[in-house]
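Those letters in the sequence shown? Residues 1303 to 1512, by our numbering.
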Amino acid sequence: MDLAILFEFHRLYTIIEFLGTAAFAVSGALMAMRYKLDVVGIFTCALVTAIGGGTLRDLLLGVDVFWVDDYRIYFTVIISTIIAIIIRQKDKKYDKPLFFFDSLGLGLFTITGVEKGLVYDHPAIFCVTLGVLTGCFGGVIRDILVNHIPVVLRKEIYITASIIGGLLHYALLIYIEIDPVYNLLITLTVIVLIRRFSVRKNLNLPTFNI
């Protein structure tokens, strides 16, 4: 099976990467505004959130980092930051937009991580791990920049959603071989719904008091 053809790599993958970049950039900018960073801080937070996971992914694969020679990434982050500022002006609390864009970025970048691992012929466990790291690492950097305990290290279901989504995406692609667009939509929907349902129902992983 030709994975590059199956996923229409040069077209659909690029679209997913830019959508994920935009979603995470908005979430990074919104988080920065919550902690009252200045304009430079807002853009910096948006940028590192948007490129952090993909950078780690490409470094682990030993390939060219996706944003180094692509000026479109910077324009995407700038536009996304402006969108975040508009959202902030219209919604002073903006918890729901922050949650939505963060969940969307998690889903999209989990998919790109799994896909890129497959393109380079890595085994399933590496592909899923790569998806999780790609989906989560940008948010970790974002939270550290604003001196906030990373959401992935708290009891909230975050990494778990990425793992389930990564496994599902791999299975749909390799074993069921459904249309790539349907695969994308199913995986993305599952990840976002897991995040939404877990927060809505206050479902958390156990913590231990020592």
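We treat Cβ as the ideally placed atom computed from N, Cα and C, and that holds for glycine.
- Residue state for Asn1506 is assigned as strand, using DSSP reduced to three classes.
- Here Leu1332 is not near Tyr1376, since their CB atoms are 8 Å or more apart.
- When DSSP states are grouped into helix, strand and coil, Glu1479 belongs to the coil group.
- The Cβ atoms of Gly1322 and Thr1351 lie no closer than 8 Å to each other.
- Pairing Ser1464 with Gly1440 gives a Cβ-Cβ distance that is not under 8 Å.
- If you draw a 10 Å sphere on the C-beta of His1450, you find fewer than 16 other C-beta atoms in it, and that means exposed.
- Per DSSP, the continuous alpha helix (DSSP H) segment holding His1471 begins and ends at Ile1461 to Ala1473.
- The beta carbon of Leu1447 sits closer than 6 Å to the beta carbons of Cys1347 from its chain, once the five residues preceding and following it are set aside; these are given in chain order.
- Here the alpha carbon of Leu1362 sits roughly 14 Å from the alpha carbon of Leu1420.
- Contact between Ile1476 and Leu1505 is ruled out by a C-beta separation of about 29 Å, above the 8 Å threshold.
- When beta bridges are read from the DSSP output, Glu1458 appears opposite Asn1506.
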